[in-house]
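Residue numbers (this note's numbering), protein chains in the order written: chain A, 143 to 347; chain B, 143 to 347.
Okay, structure first, notes after.
Protein chains: 2
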Amino acid sequence: MREPGKPRRSPAPEERQADADRTRRVLLAAAYEEFAEKGYAGARVHEIAARANVNKQLINYYFGGKEGLYRTLQSQWLKHEATFHDPGRSAADVAESYLHDGLDDPRGTRLMVWRGLSYAEGQETPDEEPVQDLSGIVARQQTGELDSGLDPACLLIGMMAMTTAPHVMPDMVKKAFGVEASDPEFRERYTAFVRDMVSRLGPRP
Amino acid sequence: MREPGKPRRSPAPEERQADADRTRRVLLAAAYEEFAEKGYAGARVHEIAARANVNKQLINYYFGGKEGLYRTLQSQWLKHEATFHDPGRSAADVAESYLHDGLDDPRGTRLMVWRGLSYAEGQETPDEEPVQDLSGIVARQQTGELDSGLDPACLLIGMMAMTTAPHVMPDMVKKAFGVEASDPEFRERYTAFVRDMVSRLGPRP
DNA sequence: AACGGTGTCAACCAAATAGTTGACTGATAC
DNA sequence: GTATCAGTCAACTATTTGGTTGACACCGTT
């Protein structure tokens with residue numbers, strides 16, 4: 143990208159390290175976009191480099207290649223786990239905000255779904271916590287907000303399924319609602335449904 | 143694959159057409175596997191040809207290339223639409239069989255999810271029916287099996303979300319249940335949950 | 001001032017990949 | 001019997017793609 147004759151801008155004294163960190167960050171940000179959009183197989187390293195306005199060799203330099211970059215991205219996004227652990231807010235509110243977060247910025251969800259499809263059974267889960275935190279659900283069962291007769295693990299999967307659905311089957315949404323998943327009309331109708339749904343998960347009369 | 147000297151087996155009289163059809167079929171079957179497993183970008187045409195035990199050129203000959211093959215496959219699998227239209231069986235039974243069909247053979251679901259991720263908003267939906275059949279849901283609302291206060295389109299999406307969840311987030315399943323999504327224990331617990339869930343969608347007392 | 005290290009890049013390379021070419025086989029039509 | 005056509009394939013090609021090489025600029029240290 144740099145013009146032939148023009149010498150590169152000089153990295154200021156203590157800016158050196160900052161530049162390296164900055165490069166890592168912009169690369170990760172670009173990778174986030176590219177991988178969320180096209181998945182691992184569809185993503186292109188030169189495209190990531192272009193989005194980051196950086197030479198593609200730096201992907202190898204800092205992350206050891208496409209796969210290293212992908213792994214780094216994944217492990218970084220593991221923190222973003224959904225646990226419904228948010229005392230003070232109702233389950234319906236938490237579900238709604240999960241849904242809205244996903245509708246406002248589908249990238250995280252898409253990344254998760256791409257990963258799910260590429261998931262191979264029996265693969266080693268190296269360092270990442272091998273157990274899902276269900277305490278947020280269980281706590282709500284104890285307070286009677288959710289029916290304690292229901293399986294907590296199922297509850298979590300079910301709730302997550304509802305919030306990811308618009309990204310998993312956007313075409314079915316389009317055909318069933320007549321509008322895209324990003325349309326306010328869908329948002330409104332589906333939000334109401336999710337809240338209603340959650341309210342039905344309380345203890346049975 | 144054929145040995146050098148050995149002449150090819152002669153196509154019998156009326157077998158000619160049958161051979162062409164057969165080639166198309168084995169290619170589509172192989173493509174179904176390959177695309178379901180790796181998605182469009184990850185699939186390899188030489189791999190599809192190998193699975194079909196056929197020269198890869200035939201993919202171009204019969205389908206006009208990788209994309210043509212993919213399109214043909216998609217349009218063929220459109221019939222498999224889920225509509226909950228099955229009078230005589232309860233909604234819980236239908237949901238359960240959707241779930242079990244998916245667990246027994248994930249390929250159709252995976253294909254759908256891959257497609258969902260590749261879905262670009264605003265793209266033309268060429269010939270395929272642009273409206274989702276909701277009559278199966280509405281009918282169940284009229285008989286009082288499902289709450290008629292609920293949005294039919296939402297009901298469909300929600301139900302489908304539940305049945306596809308195991309394939310969309312197999313890693314979360316693994317972490318939440320401690321077993322793979324293919325494990326009988328998961329199947330049992332999750333089936334019970336889905337049935338319970340559906341039973342809660344009836345009219346409120 | 002020479003040296004070594006870090007951050008960066010342009011140019012190159014090898015493998016993979018989708019697609020093309022030209023040939024061959026046998027059956028049917030003329 | 002010759003021409004034509006459908007079906008098939010091995011070998012080839014152009015392009016894409018992830019990755020490597022070698023260089024260079026700038027800084028701090030000796």
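Idealized CB from N, CA, C, for every residue including glycine.
At the level of alpha carbons, what is the spacing between residue i and residue j?
i, j, result
"Arg167(A)", "Gly291(B)", "48 Å"
"Glu263(B)", "Pro347(A)", "43 Å"
"Pro229(A)", "Ile299(A)", "20 Å"
"Tyr240(A)", "Arg329(A)", "12 Å"
"Trp219(B)", "Pro272(A)", "36 Å"
"Ala307(A)", "Glu223(A)", "17 Å"
"Val340(B)", "Tyr261(B)", "29 Å"
"Leu215(B)", "His309(A)", "22 Å"
"Phe205(A)", "Gly250(A)", "21 Å"
"Ile279(B)", "Thr333(A)", "19 Å"
"Ala154(B)", "Gly244(B)", "In this predicted model, Ala154(B) has a pLDDT of only 43, less than 50, meaning its place in the structure is not dependable enough to derive any value."
"Ser217(A)", "Val321(B)", "21 Å"
"Tyr174(A)", "Asp247(A)", "12 Å"
"His242(B)", "Gln199(A)", "47 Å"
"Glu327(A)", "Ala318(A)", "12 Å"
"Lys316(A)", "His188(A)", "33 Å"
"Arg231(A)", "Gly207(A)", "42 Å"
"Asp235(B)", "Phe335(A)", "22 Å"
"Ser324(A)", "Gln265(B)", "14 Å"
"Tyr212(A)", "His227(B)", "42 Å"
"Tyr203(A)", "Tyr203(B)", "43 Å"
Is it the case that the Cβ atoms of residue i and residue j are separated by a distance below 8 Å?
i, j, result
"Ile190(B)", "Glu179(B)", "no"
"Gly258(B)", "Pro294(A)", "no"
"Leu169(A)", "Ile201(A)", "yes"
"Trp256(B)", "Gly210(B)", "no"
"Thr285(B)", "Ala237(B)", "no"
"Ala183(B)", "Gly184(A)", "yes"
"Thr225(B)", "Val196(B)", "no"
"Ala162(A)", "Ala303(B)", "no"
"Leu276(A)", "Ala233(A)", "no"
"Ala172(A)", "Arg186(A)", "no"
"Cys296(B)", "Arg331(A)", "yes"
"Gln274(A)", "Met301(B)", "no"
"Arg342(B)", "Arg342(A)", "yes"
Listing by chain order, which chain A residues have their CB less than 9 Å from the CB of residue i?
i, result
"Arg331(B)", "Asp293, Ala295, Cys296"
"Arg213(B)", "Chain A residues near Arg213(B): none, gap ~14 Å exceeds 9 Å."
"Arg252(B)", "Leu259"
For residue i, which residues in chain B fall below 7 Å Cβ to Cβ?
i, result
"Phe107(A)", "This structure cannot settle anything about residue 107(A), because the visible part of chain A is limited to 143 through 347."
"Asp338(A)", "Leu292"
"Pro347(A)", "Pro347"
"Thr225(A)", "The contacting residues do not exist; Thr225(A) stays about 10 Å from chain B at best."
"Ala173(A)", "Correct list: empty, because the minimum Cβ distance to chain B is about 16 Å."
Give the interface partners of residue i over in chain B, defined as CB-CB distance under 8 Å, in chain order.
i, result
"Asp313(A)", "Arg257, Gly258, Tyr261, Thr267"
"Leu276(A)", "Ala318"
"Lys180(A)", "Ala183"
"Val280(A)", "Simply none; closest approach about 12 Å."
"Arg249(A)", "The premise fails here: Arg249(A) is roughly 12 Å from chain B at the closest Cβ pair, so nothing lies under 8 Å."
Starting from the beta carbon of residue i, find every residue of chain B whose beta carbon is closer than 9 Å, and list them in chain order.
i, result
"Val273(A)", "Lys317, Ala318, Gly320"
"Ser324(A)", "Glu263"
Could you name the residues of chain A that residue i contacts, counting a contact when the two beta carbons are closer than 8 Å?
i, result
"Val236(B)", "Under the 8 Å cutoff, chain A gives no residues; its nearest Cβ is about 16 Å from Val236(B)."
"Ala233(B)", "Going along chain A, no residue has its Cβ under 8 Å from Ala233(B), so there is no contact; the nearest lies around 14 Å."
"Arg193(B)", "In chain order: nothing, as chain A lies at least about 18 Å away."
Quick one: does the C-beta of residue i sit closer than 7 Å to a heavy atom of the ligand ZN?
i, result
"Arg257(A)", "What this structure holds is no ligand at all, so the ligand ZN is not there to describe."
Which bits of chain A does residue i rub up against, with CB to CB less than 7 Å?
i, result
"Arg164(B)", "Neighbours of Arg164(B) on chain A: none; closest Cβ ~30 Å, over 7 Å."
"Val168(B)", "Result: empty, since nearest Cβ-Cβ is about 24 Å, beyond 7 Å."
Pick out the complete alpha helix (DSSP H) segments inside the region 255-295 of chain A, 4 residues or longer, and give them in chain order. 277-284
Whole alpha helix (DSSP H) elements within the region 184-211 of chain B, 4-residue minimum: 187-194, 199-205
Fully enclosed by the region 210-253 of chain A, which alpha helix (DSSP H) runs are 4 residues long or longer? 233-246
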